[in-house]
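Worksheet: one structure, shown below.
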Amino acid sequence: MSSGPHDRGHDLTLVAEAAPSSTHSRSGQERPAARELDWSVYMARAQGGDREAYRCLLEDVTPYLRSIAARHFQNSGDIEDTVQEVLLTVHVVRHTYDPARPFGPWLVAIANRRVVDGLRRQGRSRAREVALDIEHETFAASQANLAETASDGRVLRDAIEQLPSGQRDAVRMLKLQEMSLKEAAAASGMSVAALKVATHRALKNLRKIFARQGGKT
Amino acid sequence: MITTPDLIESLVAGAKPVRRLRPPAARAALWLLFAAAIVSLLAVSHGLRPDLAERLREPAFVIGIAASLLTGVLAAAASFVVSLPDRSRLWQLLPLPALAVWVSTIGYGCLTGWVEIGPDGVRLGEVAECIATLTLTSVPLSLAMLVMLRYAALLQPARVATMGGLTVSATAATALSLLHSLDATVMVLVLNFGVAALFVGLASVFGNKIFSLVAPR
């Protein structure tokens with residue numbers, strides 16, 4: 009059984025310039041070896057229960073982990089997720105660190121594992137999700153569909169003009185102006201029943217008109 | 002989602018002193034001691050195979066049993082080394098030479114087994130006892146290894162599980178050669194894959210469990 013895709017992570021190495029200086033008494037010129045020694049000392053103390061050393065260590069390695077993750081992920085959310093996964097793993101397996109050995113390779117090996125996991129997770133979600141990009145937004149937005157709406161409206165108004173006057177008034181009042189049956193009856197002097205019949209016939213006629221137009225085009 | 006500084010705070014707040022792992026060689030020796038104890042107990046309760054003294058004069062048998070024993074010892078050492086995040090993957094190759102010798106003698110044993118046992122030589126009782134011996138050796142040894150290597154679930158589960166499976170298989174095969182007259186090669190091979198699959202399965206389950214216990218997300 010081979011470790012398969014696990015191998016992908018092994019091109020990661022401890023790159024000195026990739027690690028930005030941290031807020032804890034780090035100057036940019038400090039040699040990576042010295043910094044790694046600090047991390048080793050912090051971790052040794054953290055294993056003994058020194059919380060302040062542990063806090064220094066985690067805050068110190070975070071920018072470095074972020075730089076490793078940024079080489080594999082573009083999305084800042086993915087980068088931060090990976091950094092947090094690495095920090096959690098470091099926490100769980102901190103007893104496996106041997107202070108006699110360098111800290112860098114230990115940390116990078118753990119980071120590699122979580123980067124590979126993150127890449128796999130990303131691959132899985134990409135296989136079943138479609139990202140919304142700018143084109144989808146443009147086509148779905150109402151502003152993008154104004155021309156179509158306007159032309160549809162014109163065609164409908166023209167069709168209504170062709171209806172007999174009683175049906176035309178009924179559709180205008182009840183459908184376009186959205187009046188209630190009572191209001192329309194009061195405004196037109198027609199009975200509610202007559203309005204209903206007129207609307208029903210008007211919609212039937214409109215359907216016929218559009219069917220004819222659709223057949224022509 | 003929790004922010005990284007908040008995560009660091011919660012990890013620091015939950016940081017208790019941890020006991021560092023002993024060197025991998027010492028841990029492998031501890032496990033092998035346990036394995037020796039199990040096999041000795043089985044030898045006492047079941048008794049060695051009746052023809053052991055006679056078989057030990059055969060070079061093929063001696064080479065086979067020595068190779069399986071050596072495979073077990075080397076694979077145990079390799080398991081404990083590769084389970085650490087910062088050790089080279091090349092340690093996986095350590096048991097390969099002994100494994101090659103063992104596998105070549107398995108082929109021979111299989112052949113002679115057929116010839117020696119013949120069509121009516123194998124009784125059901127012997128096979129059942131063989132399975133019992135395999136179970137009695139491999140289950141406690143697998144569990145011990147699983148507990149000792151549980152942190153590897155977060156690091157390189159497949160690699161460590163494969164090594165662990167090989168270790169347990171080789172040890173069980175050695176016990177089997179000492180205790181039973183039957184050449185149960187096929188069973189040993191099935192066990193080899195079975196234990197590795199079990200390890201991979203349990204490792205992935207354990208990995209998630211440990212993570213959800215620790216991770217405040």
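Chains Z and F, in that order, give the protein sequences.
Just so we're aligned: 175 in the working numbering is position 167 of the first sequence, and the numbers increase by one with no gaps anywhere.
Just so we're aligned: 153 in the working numbering is position 152 of the second sequence, and the numbers increase by one with no gaps anywhere.
Yeah, the Cβ is synthetic: ideal placement off N, Cα and C, and Gly gets one too.
In this text the structure is predicted, and so the values were computed from the model without any measurement.
Taking just the CA atoms, how far does residue 78 of chain F sit from residue 25 of chain F? 7 Å
Could you have a look at residue 188 of chain Z and say whether DSSP puts it in helix, strand or coil? coil
Beta-carbon neighbours of residue 101 of chain Z, restricted to chain F and to distances below 8 Å: 86, 152, 155 and 156
Between residue 91 of chain Z and chain F, is there a C-beta pair that is closer than 9 Å? Under the Cβ distance rule, residue 91 of chain Z counts among the residues neighbouring chain F, one pair being separated by less than 9 Å.
Among the candidates Z:207, Z:172 and Z:198, whose CA atom is the shortest distance from the CA of residue 184 of chain Z? Z:207
Taking Cβ to Cβ, would you say residue 132 of chain Z is nearer than 9 Å to residue 93 of chain Z? no
Report yes if the C-beta distance between residue 40 of chain F and residue 150 of chain F is below 9 Å; otherwise report no. no
Tell me, please, whether the CB atom of residue 118 of chain Z is closer than 9 Å to any CB atom in chain B? Protein chains Z and F are contained in the structure displayed, whereas chain B is not.
Output the distance between the C-alpha atoms of residue 35 of chain Z and residue 76 of chain Z, rounded to the nearest integer angstrom. Note on residue 35 of chain Z: pLDDT 43, under 50, position unreliable in the model; no value is reported.
Taking C-beta pairs closer than 9 Å, name the residues in chain F that residue 57 of chain Z reaches, listed in chain order. Taking the beta carbon of residue 57 of chain Z as reference, the chain F residues within 9 Å of it are 16, 17, 18 and 19, listed in sequence order.
For residue 160 of chain Z, count neighbouring Cβ atoms within 10 angstroms of its own Cβ and tell me buried if that reaches 16, exposed if not. exposed
Is the number of C-beta pairs between the stretch 158-175 of chain F and the stretch 72-89 of chain F that are closer than 8 Å three or more? Verdict: yes, contact present.
Same chain, Cβ closer than 6 Å to residue 218 of chain Z, five either side skipped, listed in chain order: none
Counting beta carbon pairs with one atom in the stretch 65-76 of chain Z and one in the stretch 53-62 of chain F, are three or more of them shorter than 8 Å? Per the Cβ contact rule, the stretch 53-62 of chain F is not in contact with the stretch 65-76 of chain Z (fewer than 3 Cβ pairs under 8 Å).
Chain F beta carbons: is any one of them nearer than 9 Å to that of residue 114 of chain Z? Answer yes: the Cβ-Cβ gap between residue 114 of chain Z and chain F drops below 9 Å somewhere.
Can you give me the Cβ contacts of residue 69 of chain F inside the same chain, cut-off strictly under 6 Å, excluding the 5 residues immediately before and after it? 103, 171, 174 and 175
Kindly indicate the opening and closing residues of the alpha helix (DSSP H) around residue 39 of chain F. Taken as a continuous stretch (DSSP letters only), the alpha helix (DSSP H) holding residue 39 of chain F covers 25-47.
Which residues in the same chain have their Cβ closer than 8 Å to the Cβ of residue 137 of chain F, if we skip the five residues on either side of it in sequence? 39 and 43
Between residue 53 of chain Z and the rest of its own chain, which residues show a CB-CB distance below 6 Å, the 5 nearest in sequence each way excluded? Only 61 meet the Cβ criterion.
Residue 121 of chain Z touches chain F at which residues, Cβ-Cβ below 9 Å? 86, 155, 156 and 157
Return the first residue and the last residue of the alpha helix (DSSP H) that residue 62 of chain Z is part of. Where residue 62 of chain Z is concerned, the enclosing alpha helix (DSSP H) stretches over 59-78.
Output needed in chain order: residues of the stretch 24-47 of chain F with a Cβ under 9 Å from some Cβ in chain Z. 24
Within the same chain, show all residues whose beta-carbon is closer than 8 Å to that of residue 32 of chain Z, passing over the 5 residues directly before and after it, in chain order. Because the pLDDT at residue 32 of chain Z is just 44, under 50, the model does not fix this residue reliably, and the value given afterwards should be weighed accordingly. Cβ-Cβ distances below 8 Å link residue 32 of chain Z to 64, 67 and 68 in the same chain, with the five nearest sequence neighbours on each side left out; the list follows chain order.
Which same chain residues end up closer than 7 Å to residue 161 of chain F when comparing Cβ atoms and leaving out the 5 residues on each side of it in sequence? 80, 83, 84, 150 and 153.
In this structure, does DSSP put residue 128 of chain Z in helix, strand or coil? helix
Compute the Euclidean distance between the alpha carbons of residue 85 of chain Z and residue 17 of chain F, then round it to the nearest angstrom. 30 Å
Which of the three DSSP states is assigned to residue 81 of chain Z in this structure? coil
In whole angstroms, what separates the C-alpha of residue 89 of chain Z from that of residue 34 of chain F? Just so you know, the alpha carbons of residue 89 of chain Z and residue 34 of chain F end up roughly 42 Å apart.
Whether residue 80 of chain Z touches residue 20 of chain F by CB criterion (9 Å): Not closer than 9 Å, so no.
From residue 95 of chain F to residue 49 of chain F, what distance separates their C-alpha atoms? 30 Å
Tell me the rounded alpha-carbon separation between residue 181 of chain F and residue 134 of chain F. Rounded to the nearest angstrom, the two C-alpha atoms are 9 Å apart.
Rounded to a whole number of angstroms, what is the C-alpha to C-alpha distance between residue 28 of chain F and residue 11 of chain F? 32 Å
So, with DSSP's three-state summary, where would you put residue 17 of chain F? coil
Among Z:125, Z:171 and Z:114, which one has its Cα closest to the Cα of residue 45 of chain Z? Of Z:125, Z:171 and Z:114, the residue nearest in Cα terms is Z:114.
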